[in-house]
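So the sequence shown is numbered by the numbering used here: it starts at 2 and just counts up by one.
Taking it in order: structure first as structure tokens, then the write-up.
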Amino acid sequence: MKLHTQILLGLALGAAAGVTANLLTHQQVALASQLLQAGVSADSLAAAVPAGAVWVERANRYAMGPVGQVFLRMLFMVVIPLVFTSLTLGVAGLGDLRKVGVVGSKTVFYFLASTALAAIVGLVLVNAVRPGEGLSEAVRTSLMETYRTEASERVSQAAATQFGIQTFVNIVPRNPIKAAADLDMLGLIFFSLVFGAALTLLPKEKSGPVVRLLEGVGEAVIKIIGMAMKLAPYGVFGLIFVVTSRFGFALLKPLGLFVLTVLAGLVFHTVVNFSVILRLLVGLNPLVFFGRVRSAMITAFSTSSSNATLPTTLAVAEQELKISPTVAGFVVPLGATLNMNGTALFEGVVVLFLAQVMGLHLSLATQVIVIVIAVLTAVGAAGVPGGSIPLLVIVLQAVGIPGEYIALVIGVDRLLDMCRTTVNVTGDLTAACVVARWEGGWTPDALRAGA
Ligand code: ASP
């Protein structure tokens, strides 16, 4: 059986098993998890939740969770060397700095344009469907109650997040090792780009050995990714089982229209916009594209993290889409951090949804501002699960919605995060095709020849 079929099977079986466990335990697994976390006594645990839920939570803790975590950690383990080697080699491979500037600006232009397009899709849909207007007062109060603590945590995270001129200053790391250790991707990206640029300025006999060393490191990293992906079917099973067994499916009813609006936007952006972009700008049949990028999409869906998916995304770009390591190594790591189409779309929908719930009318001009800030915050969001939420709170506050209102959507966030991350990663691979076509001398024929 092919690996991506195995991963898909892991996903389907894990989801089916998780949903079944969730329903059989009357949706009490999340509560069992909280109580076990809080260390309550066995008696109060037994009084509060059904025994089945406790068992499922134990399975999550001692089997499903660890298997998923080992897979995730294997991927995270290679992210830092991968970003450093592929970006440095990408820049060095482009040769001269002018070429880096041209490719870099086209890449960033494409990122911003496609992210803005996604945000516009979200806003048009949420204006048409108006999911916020039907939300009853009772549901609103109960959601605010249930997610009060989580929401206030996010609000204080947002308060600690600077978003302004300092954000740009912070892109330049004081210490690249610390940037790497803190998973400060922007800092690491900046250092790698500058390092690669510096290599192009050295005479060949000086830069050559460094480049060859980094190529060796890069290839070793790709081998590790291959090993990690062997674990993927089991890892994906575990990750999906944990999420679905704990998920509050009951929330899908009151928030159904909101969830459907986000999902419809994400599906539209993927199926229509990406397909049109691939056809028009790349000349590639979207069906071929989606067939080849499956394993990256599934990994994104099950990890909810563009960063964790980055190793797979890069391997897919090079091995399945046959894009040169120079272009793929440049565009894909940048995209994992900067290019978040699904996140911008989601942010647009949430802002308007919450405004509708509050009965706040946002004028066209304000909505344009929402698009601009959604794009900027999507660029600034970290590619980790829920990475955009603290920034989303900032967007809410910018248009006069109290940050605490985030409580209304937190309960369904994990599900939406899985879906938007899939779109983020698919967007990175679309971007890689576009830039490879524009600048890399790559054509879709490479796929036909390479089978
Ligand atoms: N989880 C998303 C990603 O990694 C970021 C977010 O929207 O929260 O791409």
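We put the beta carbon where it would ideally sit given N, CA and C, even for glycine.
- Remark: the C-beta of S115 is outside contact range of ligand 1, defined as less than 6 angstroms to any heavy atom.
- Cβ atoms of V20 and T304 stay farther apart than 8 angstroms, at about 19 angstroms.
- Counted as a single uninterrupted DSSP element, the alpha helix (DSSP H) harbouring M78 occupies residues 66-95.
- Taking non-hydrogen atoms of ligand 1 into account, the C-beta of T168 is found less than 6 angstroms away from none of them.
- By the C-beta criterion, the segment 43-55 is judged not to be in contact with the segment 220-230, since fewer than 3 inter-stretch pairs fall below 8 angstroms.
- The Cβ-Cβ distance between V272 and L417 does not fall below 7 angstroms.
- Of the residues L430, G188, T422, R280, the one whose Cα lies closest to the Cα of F347 is T422.
- Close CB contacts of F291 within its chain, under the 7 angstroms cut and outside five residues either way in sequence, are absent.
- The alpha-carbon separation between F238 and I178 amounts to approximately 34 angstroms.
- Leaving aside the five residues that flank T168 on each side, the residues in its chain whose CB is nearer than 7 angstroms to its CB run, in chain order, G381.
- Shown here, F248 sits in coil according to DSSP, grouped into three states, outside any helix or strand.
- Under a 10 Å Cβ-count criterion, L365 is classified as exposed, with fewer than 16 other Cβ atoms of the shown protein chains found around its own Cβ.
- Remark: the shortest separation between the CB of S306 and any heavy atom of ligand 1 falls under 6 angstroms.
- Under the three-pair Cβ rule at 8 angstroms, the segment 133-140 does not count as touching the segment 279-287.
- Relative to M419, the option among G349, A437, A309, V328 whose CA is nearest is A309.
- Between L4 and M230 the beta-carbon gap is near 6 angstroms, inside 8 angstroms, which marks them as a contact.
- Taking the Cα of G53 as reference, the smallest distance to any Cα among I81, G384, M145, L24 is reached at L24.
- Put simply, the segment 120-137 touches the segment 240-258. At least three CB pairs are less than 8 angstroms apart.
- Distance from the CA of G94 to the CA of G343, rounded to the nearest whole angstrom, comes to 30 angstroms.
- As summarised for the segment 184-224, the continuous alpha helix (DSSP H) elements at least 4 residues long and confined to that stretch are 186-202, given in chain order.
- V396 counts as buried, since no fewer than 16 other beta carbons sit within 10 angstroms of its beta carbon.
- Using a Cβ-Cβ distance cut-off of 8 angstroms, the segment 108-118 and the segment 366-377 are in contact, since at least three pairs of beta carbons, one from each stretch, lie closer than that value.
- Considering only L113, V268, M145, V413, the residue with the shortest C-alpha distance to L339 is L113.
- For Y111, the enclosing alpha helix (DSSP H) covers residues 98-130.
- By the C-beta criterion, the segment 198-212 is judged not to be in contact with the segment 59-73, since fewer than 3 inter-stretch pairs fall below 8 angstroms.
- The alpha-carbon of A356 is positioned some 41 angstroms away from that of S193.
- Between T313 and S296, the C-beta gap is smaller than 7 angstroms, which places the two residues in contact.
- Here DSSP, grouped into helix, strand and coil, assigns A383 to coil.
- Distances from the alpha-carbon of V358 to those of E58, A318, I402, I411 put I402 closest.
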